[in-house]
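Take a look at the structure set out below.
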Amino acid sequence: MGSDAEVFIFDYQMYTSSVVPAMQTFIKTSNAEPWLAAIIRASDELMLPAYREQYVYKFQHGADFQAHCSYLDKNWAWRGQHQSAKAWFANWQQRACRSTSCVEINQCALHQQGHLADELTLLLNEVVEQRCLGSSIFVGRTVTVRFHQAWLLQQGIEVEHPVNQLLDCLGQRGWVIGYGWAGSAEGIHGWLNPQETARLAYHLSKFELPSIQPTLEAMQQALRTFWNQDLREEYFPNVAFEALGLAFIRNLALLARQEQQGLLWRNT
Numbered sequence: 001m002g003s004d005a006e007v008f009i010f011d012y013q014m015y016t017s018s019v020v021p022a023m024q025t026f027i028k029t030s031n032a033e034p035w036l037a038a039i040i041r042a043s044d045e046l047m048l049p050a051y052r053e054q055y056v057y058k059f060q061h062g063a064d065f066q067a068h069c070s071y072l073d074k075n076w077a078w079r080g081q082h083q084s085a086k087a088w089f090a091n092w093q094q095r096a097c098r099s100t101s102c103v104e105i106n107q108c109a110l111h112q113q114g115h116l117a118d119e120l121t122l123l124l125n126e127v128v129e130q131r132c133l134g135s136s137i138f139v140g141r142t143v144t145v146r147f148h149q150a151w152l153l154q155q156g157i158e159v160e161h162p163v164n165q166l167l168d169c170l171g172q173r174g175w176v177i178g179y180g181w182a183g184s185a186e187g188i189h190g191w192l193n194p195q196e197t198a199r200l201a202y203h204l205s206k207f208e209l210p211s212i213q214p215t216l217e218a219m220q221q222a223l224r225t226f227w228n229q230d231l232r233e234e235y236f237p238n239v240a241f242e243a244l245g246l247a248f249i250r251n252l253a254l255l256a257r258q259e260q261q262g263l264l265w266r267n268t
């Protein structure tokens, strides 16, 4: 059991201008754009036929997120913040919206009493994977962003430092909509837009992290070297994996900045 944590180059423009509007329209009206309908039809592992049929059957329409949701922002980012390294293992009831006054309570999948939240979050994970993700690098096994932030704190980097604020977004914005449902921190943990990604690259470049060329090949070779005990002692003496992971995040942010892309953290 467990999950691989990876950070991806993320097409934030595609996510905000295409994925989120199409998903929200589908939820509200049950009408899917052709590309979304194709993903739904092709996804054997997702319970999407039930999702589609039950929404049409149970409600004349689903929730209108753009008009009424205050729990998530317009791009489905969670507005809250947690401090626990174990928060990603929390069950759905701890993540769901608890509003008692929202007009969408009876048809919102994200409310505690909502329907079909698992299908919604599974669908989003599938759509983002197919439409928005580029190159990635491994940053830990069954870990969250807190794993790396704890190391920064040990190095004297204060909680209020901008790098921690950016890492919070990378590791927490998806806490509700990105839920993976399997109990080992799976799912989309969070993301950064291109401007935030550039700032993260800047701040991480100021820290004393392992020097690795900002290419996927160099990072993959560094990872193989680190897992070899003999080579690790030669090339990465006294280097914690957290430092290596932050170096990878720095490098991927540099690559994303060149492409004017964002970053996304996902465990699978």
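Mapping the sequence shown onto full-length UniProt numbering, position 259 (from 1) lands on 259, and the numbers just tick up by one.
The C-beta atom is built at its ideal place from N, Cα and C for all residues, glycine as well.
Are the Cβ atoms of residue i and residue j separated by less than 8 Å?
i      : j      : result
Glu259 : Val139 : no
Ala198 : Arg250 : no
Leu167 : His189 : no
Ser184 : Thr142 : yes
Trp265 : Gly171 : yes
Ser18  : Arg131 : yes
Trp151 : Ala240 : yes
Asn75  : Thr16  : yes
Asn228 : Asp4   : no
Thinking residue i and residue j are a contact (beta carbons under 8 Å), I'd like their distance in whole angstroms, please.
i      : j      : result
Val127 : Met23  : 7 Å
Met219 : Ile105 : With a Cβ gap of about 46 Å, Met219 and Ile105 do not count as contacting.
Trp181 : Thr121 : 7 Å
Leu246 : Leu192 : At roughly 15 Å, the Cβ-Cβ gap does not stay under 8 Å, so Leu246 and Leu192 are not in contact.
Compare the C-beta of residue i with all C-beta atoms of chain B and state if any pair is closer than 8 Å.
i     : result
Ala22 : Absent from the structure: chain B. Only one protein chain is present.
Determine the direct distance from the alpha carbon of residue j to that of residue i, and round the result to whole angstroms.
i      : j      : result
Met14  : Leu263 : 13 Å
Asn31  : Phe10  : 26 Å
His203 : Glu119 : 37 Å
Ala222 : Pro162 : 27 Å
Val56  : Gln107 : Residue placement at Val56 cannot be trusted, given a pLDDT of 48 that sits under 50; what the coordinates show is reported in the next sentence. So the alpha carbons of these two residues sit roughly 11 Å apart.
Phe8   : Cys169 : 14 Å
Val159 : Gln165 : 8 Å
Ala109 : His115 : 5 Å
Phe26  : Leu231 : 52 Å
Arg98  : Ser70  : 11 Å
Residue i: which of the options sits nearest, CA to CA?
i           : options                        : result
Glu242      : His203, Arg146, Cys132         : Arg146
Glu217      : Pro21, Leu255, Ser43, Leu110   : Leu255
residue 322 : Phe226, Glu129, Ser3           : A query on residue 322 cannot be resolved here, the shown segment of the chain reaching from 1 to 268 and no further.
Arg257      : Asn238, Pro194, Glu234, Phe207 : Pro194
Ala87       : Glu186, Arg224, Thr268         : Glu186
Ile39       : Leu153, Thr144, Asp230, Glu129 : Glu129
Ala253      : Leu72, Gln213, Ile27           : Gln213
Asp73       : Ile157, Leu244, Pro21          : Pro21
Ser211      : Gln155, Leu244, Glu33          : Leu244
Below 8 Å, how does it come out for the stretch 67-84 and the stretch 167-177: are there three or more Cβ pairs, yes or no? yes
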